[in-house]
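Colleague: First to last, the sequence lines map onto chains A and B. Just so we're aligned: the first sequence equals residues 0 to 258 in numbering that gives the first Met the number 0. Just so we're aligned: the second sequence equals residues 0 to 255 in numbering that gives the first Met the number 0. Okay, handing you the structure first.
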Amino acid sequence: MGPVAAETISTRVLRFSPAIPLCVAAIAYLGLPLALLIKGSFGASEGGFQRGGAVLTVLTMRSVALAVISASVATAVCTTASLLGVFHARFSAFYRGWLLVMLFTNPVFLVFGFSVLLADVSPLIAVLLASAYILMPLCGLILQAAVDEFDFAQARAARSLGASPVFVVFQHILPFARQQILASVLLSALYALGFFLIPAFVGLGHVVTLGTVIYGVANALGDWTAACQLCIVAIGAQVALVSLWLVTARFLVPSRVRS
Amino acid sequence: MKNAVNILLVILAAVLALPLVGIAALSLSPTYGMDIFTSLHPSTRWWRELLVDPSWAVALANSALIGSASSLLAMVLTLPAALAWRLEGSASARNAMLLAGASLTFPPVVLAVGLYQTAMRVGLFDTAAGLALAHLSFTIPIAAVVLSTRFRGTPVELYLAARSLGAGRMRAAIRWLSATQRMTLLGCFAAAVLTSISEVTVAIYLTDASVPTIARRALAGVTRDLKPTGFAALAAWLILLCLLVFPVARRLSRER
């Protein structure tokens, strides 16, 4: 090996070295658990794959539908709040403060509270409302970041040419943020796919989702093979949602950014 | 038009704030249920119990300790990659950051089951160290997002100038950090600690009785005690957070 080649390799190693600790950590907290999850899913268990394709499909579809609807409601509320915050500074301050407070509030307390406050509401509606509320900080952060990145000189120019605030919102800000709106719905839906406390306590066990079944077979029955197999089903749903996001997101990039 | 917008603002503020106020108000209930909304005699008995019951203080201390350890480790692991990405434009560092953030796209229950399997194999189930390490799957992505976002918005001329004057990579990076990013590091640490404290799913799967955390204590409140003391804890936490957070939010809004 010549001195030039050796220098190239050492330069490459030097350039890669800051990333090594992070890569090792990611393998430890993500790669290894996923590998063990796949390994643990081998074996026969009545609570897992042996439930049958039809049962698992219905369970997955129901969980995904519930997650996507909750995420959509949360995104709609947060989009409205972010857009109103653009024109109203005091509301913007309140909304940002609320986002931070919610982001760092332990959801178990909220689940406990919603199980009391929504005791008289139909279980499915109660689960949807509670899930949407708990998803709002995540949606809000993604959308607020998009709105903050918007170049308001564009809005001011449109207003000076006679455009109404509604026109500015619908023709300038919303098209700019549509990729983040989709990201908000899908990332929140992925997060909601694992909810088990809300269906169990707010839905009083009447709303069965992947999360509640995994929690039930793992913690109540101790059947970890079934839990791993159901997690593989959840990963399948996750891969489908992420693929949908990656495929559609590139068509939603604002045209001036794309050009 | 202006009236319609004002009405919408009030409705939206109510939608956002009222559930929190309602849940916090349950801490003043004279009995175990929703009587606060019908009774004329609110009670502070659950607040007194919160102060007297040591299990809440122990849970908060444990959660804070686990959160701090996890966050510190997350920052130590993430900072070199974040610096290499921003200051040197390293593609491998960028890819490592993306890989580290991938855990955010997994449903927490999937991560929790996988981390449980790992913890059982390495003997870290139901230990504070195990939970702190498991929380890296949340604290590292948070640190990666906060650091990369804040670093991206800061000019690197100071670093380039130091490098051109002969300073080594490490020395120049430390100077750049200390000159421009002290608040970012503090904010990143706080965000990671609070994320760890408010994480529920992994904490429930990975701990039992030996590591009483806030998540465990709150869940015990739901499943065993059935007392509204948890609402008092939530109300106290919300008051503390509001005092800390709203001045920051006002400043952020003014900057915009």
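No residue lacks a Cβ here, since even glycine has one placed at the ideal position from N, Cα and C. Please read these numbers as outputs of a predicted model, since none were measured by experiment.
1. Short check: CB of B:Thr104 to CB of A:Gln237, under 8 Å?
2. To the nearest angstrom, report how far apart B:Phe245 and B:Thr194 are at their CA atoms.
3. Say whether chain B places a C-beta atom closer than 8 Å to the C-beta of A:Thr224.
4. Compute the beta-carbon to beta-carbon distance between B:Arg216 and B:Ala80, rounded to the nearest angstrom, for a pair I have assumed lies under 8 Å.
5. In the region 218 to 256 of chain A, which residue ranges form an unbroken alpha helix (DSSP H) of at least 4 residues, counting only runs that do not cross its ends?
6. Taking A:Leu181 as the reference, give the member of A:Leu192, A:Thr247, A:Ala219 with the closest Cα.
7. Are the C-beta of B:Val199 and some C-beta of chain A separated by less than 8 Å?
8. Going along the chain, which residues of its own chain have a beta-carbon closer than 8 Å to the beta-carbon of A:Leu109, five neighbours each way excluded?
9. Between B:Ala191 and B:Ser26, how many whole angstroms is the CB-CB distance? I'm expecting something under 8 Å.
10. List, in order along the chain, the chain B residues whose C-beta lies closer than 7 Å to that of A:Phe195?
11. Kindly provide the ranges of any alpha helix (DSSP H) runs that are 4 or more residues long and lie completely inside the region 77 to 162 of chain A, ordered along the chain.
12. Nearest-angstrom Cα distance between A:Leu220 and A:Val201?
13. My guess is that B:Ile65 and B:Leu130 are in contact by the Cβ rule of under 8 Å, so how many angstroms apart are they, rounded?
14. Identify the contact partners of B:Val57 in chain A, using a Cβ-Cβ distance below 8 Å as the criterion.
15. Using a threshold of 8 Å, state whether the C-beta atoms of A:Gln143 and A:Ser69 are closer than that.
16. Under 8 Å by Cβ, that's how I've got B:Ile139 and B:Leu76 pegged, so tell me the actual separation to the nearest angstrom.
17. Alpha helix (DSSP H) containing A:Val184: first to last residue?
18. Does the beta carbon of B:Ile6 sit closer than 8 Å to a beta carbon anywhere in chain A?
19. Would you verify that the beta carbon of B:Thr104 is, or is not, closer than 8 Å to some beta carbon of chain A?
20. Under a three-way DSSP split, which group does A:Gly45 fall into?
21. If you drop the 5 nearest sequence neighbours on each side, which residues of the same chain put their C-beta closer than 6 Å to that of A:Gly193?
22. Output needed in chain order: residues of the region 67 to 99 of chain B with a Cβ under 9 Å from some Cβ in chain A.
23. Run through DSSP, which three-state label would B:Thr153 get?
24. Give a yes or no on whether the minimum CB-CB distance between B:Gly113 and chain A is below 8 Å.
25. What residues of chain B sit near A:Gln228, judged by a beta carbon separation below 9 Å?
26. What separation, rounded to the nearest whole angstrom, lies between the Cα atoms of A:Phe151 and B:Leu114?
27. Using only CA atoms, which one of B:Ala60, B:Leu49, B:Ser54, B:Ala56 lies nearest to B:Ala127?
28. Any contact of the region 166 to 175 of chain A with the region 18 to 26 of chain A, i.e. 3+ C-beta pairs under 8 Å?
29. Going straight from the alpha carbon of B:Leu185 to that of B:Met96, what length do you get?
30. Just to confirm before moving on: does the CB-CB distance between A:Ser187 and A:Cys138 stay below 8 Å?
31. If we ignore side chains and look at the alpha-carbon of each, how far apart do B:Phe150 and A:Ile234 end up?
32. Find out if the Cβ-Cβ distance for the pair A:Leu196, A:Val107 is shorter than 8 Å.
33. Would you decide whether A:Thr59 is buried or exposed? Buried here means 16 or more other CB atoms lie within 10 Å of its CB.
34. Which residues, in chain order, does the region 91 to 106 of chain A contribute to contact with chain B at a C-beta distance below 9 Å?
35. Would you call the CB atoms of B:Ile22 and A:Gly112 closer than 8 Å?
36. I'd like to know if B:Arg151 contacts chain A, where contact means its C-beta is closer than 8 Å to some C-beta of that chain.
Modeller: In this structure, then:
1. To locate residue 104 of chain B, count along the second sequence from 1; it is residue 105. To locate residue 237 of chain A, count along the first sequence from 1; it is residue 238. Yes.
2. As a first step, residue 245 of chain B must be located in the second sequence, where it is residue number 246. As a first step, residue 194 of chain B must be located in the second sequence, where it is residue number 195. Going by the C-alpha atoms only, they are around 18 Å apart.
3. As a position in the first sequence, residue 224 of chain A is number 225, starting the count at 1. Taking Cβ atoms only, chain B never reaches closer than 8 Å to A:Thr224, which makes this a no.
4. Taking the second sequence and counting its residues from 1, one reaches residue 216 of chain B at position 217. Taking the second sequence and counting its residues from 1, one reaches residue 80 of chain B at position 81. About 35 Å; that fails the 8 Å criterion.
5. Segments of the alpha helix (DSSP H) lying fully in the region 218 to 256 of chain A: 223 to 248.
6. Working through the first sequence from its first residue, we reach residue 181 of chain A at position 182. With distances taken between Cα atoms, A:Leu181 lies closest to A:Thr247.
7. Residue mapping note: residue 199 of chain B aligns to position 200 of the second sequence, counting from 1. Yes, B:Val199 counts as interfacial toward chain A.
8. Within the first sequence, numbered from 1, the residue matching residue 109 of chain A stands at position 110. The answer, listed in chain order, is Ala129, Tyr132, Ile133.
9. Here residue 191 of chain B is taken as the residue at index 192 of the second sequence, counted from 1. Here residue 26 of chain B is taken as the residue at index 27 of the second sequence, counted from 1. About 28 Å; that fails the 8 Å criterion.
10. Residue numbering aside, residue 195 of chain A sits at position 196 when the first sequence is read from its first letter. What A:Phe195 touches in chain B: Val108.
11. 88 to 102, 106 to 116, 122 to 148, 151 to 159
12. Taking the first residue of the first sequence as position 1, residue 220 of chain A is located at position 221. Taking the first residue of the first sequence as position 1, residue 201 of chain A is located at position 202. Each residue's alpha carbon lies about 22 Å from the other.
13. For the purposes of this step, residue 65 of chain B is taken as the residue at position 66 of the second sequence. For the purposes of this step, residue 130 of chain B is taken as the residue at position 131 of the second sequence. Confirmed, about 5 Å.
14. Position 58 of the second sequence holds residue 57 of chain B. Result: empty, since nearest Cβ-Cβ is about 16 Å, beyond 8 Å.
15. Indexing the first sequence from 1 puts residue 143 of chain A at position 144. Indexing the first sequence from 1 puts residue 69 of chain A at position 70. A:Ser69 is positioned such that its CB atom lies no closer than 8 Å to that of A:Gln143.
16. On the second sequence, position 140 is the one that residue 139 of chain B refers to. On the second sequence, position 77 is the one that residue 76 of chain B refers to. At roughly 6 Å, the Cβ-Cβ gap stays under 8 Å, so B:Ile139 and B:Leu76 are in contact.
17. Here residue 184 of chain A refers to the residue found at position 185 of the first sequence. Element bounds for A:Val184: 173 to 191.
18. Mapped onto the second sequence, residue 6 of chain B falls at position 7. Chain A, which has no Cβ nearer than 8 Å to the Cβ of B:Ile6, makes this no.
19. Locating residue 104 of chain B in the second sequence gives position 105, where the first residue counts as 1. By this cut-off, B:Thr104 is an interface position.
20. As a position in the first sequence, residue 45 of chain A is number 46, starting the count at 1. This sequence places Glu at residue 45 of chain A; Gly is not what is there. It is coil, neither helix nor strand.
21. As a working note, residue 193 of chain A is residue 194 in the first sequence. Hits under 6 Å: Gly210.
22. Leu72, Ala73, Val75, Leu76, Thr77, Leu78, Pro79, Ala80, Ala81, Leu82, Ala83, Trp84, Glu87, Ser89, Ala90, Ser91, Ala92, Arg93, Asn94, Ala95, Met96, Leu98, Ala99
23. Residue numbering aside, residue 153 of chain B sits at position 154 when the second sequence is read from its first letter. B:Thr153 falls in the coil class under three-state DSSP.
24. Translated into positions along the second sequence, residue 113 of chain B becomes position 114. Interface residue, yes.
25. In the first sequence, residue 228 of chain A corresponds to position 229, counting from 1. Those within 9 Å of A:Gln228 in chain B number zero; the least Cβ separation is about 10 Å.
26. As a first step, residue 151 of chain A is located in the first sequence; it is residue number 152 there, counting from the start. As a first step, residue 114 of chain B is located in the second sequence; it is residue number 115 there, counting from the start. The straight-line gap from Cα to Cα measures roughly 44 Å.
27. In the second sequence, residue 127 of chain B corresponds to position 128, counting from 1. Of B:Ala60, B:Leu49, B:Ser54, B:Ala56, the residue nearest in Cα terms is B:Ala60.
28. As far as the Cβ criterion goes, the region 166 to 175 of chain A does not touch the region 18 to 26 of chain A, which means the pair count is below three.
29. The sequence position of residue 185 of chain B within the second sequence is 186, counting from 1. The sequence position of residue 96 of chain B within the second sequence is 97, counting from 1. If you take the alpha carbons of B:Leu185 and B:Met96, they lie about 20 Å apart.
30. Locating residue 187 of chain A in the first sequence gives position 188, counting from the first residue. Locating residue 138 of chain A in the first sequence gives position 139, counting from the first residue. It is a contact, given that the beta carbons lie within the stated cut-off.
31. Reading the second sequence from its first residue, position 151 is the one you call residue 150 of chain B. Reading the first sequence from its first residue, position 235 is the one you call residue 234 of chain A. Answer to the nearest angstrom: the Cα atoms are 33 Å apart.
32. Residue mapping note: residue 196 of chain A aligns to position 197 of the first sequence, counting from 1. Residue mapping note: residue 107 of chain A aligns to position 108 of the first sequence, counting from 1. In contact: A:Leu196 and A:Val107 (Cβ atoms closer than 8 Å).
33. For this step, residue 59 of chain A is matched to residue 60 along the first sequence. So A:Thr59 ends up on the buried side.
34. Ser91, Ala92, Phe93, Tyr94, Arg95, Gly96, Trp97, Leu98, Leu99, Val100, Met101, Leu102, Phe103, Thr104, Asn105, Pro106
35. Taking the first residue of the second sequence as 1, we reach residue 22 of chain B at position 23. Taking the first residue of the first sequence as 1, we reach residue 112 of chain A at position 113. Contact flag set, yes.
36. Start at 1 with the first residue of the second sequence, and residue 151 of chain B comes out as number 152. False, the Cβ-Cβ gap to chain A never drops below 8 Å.
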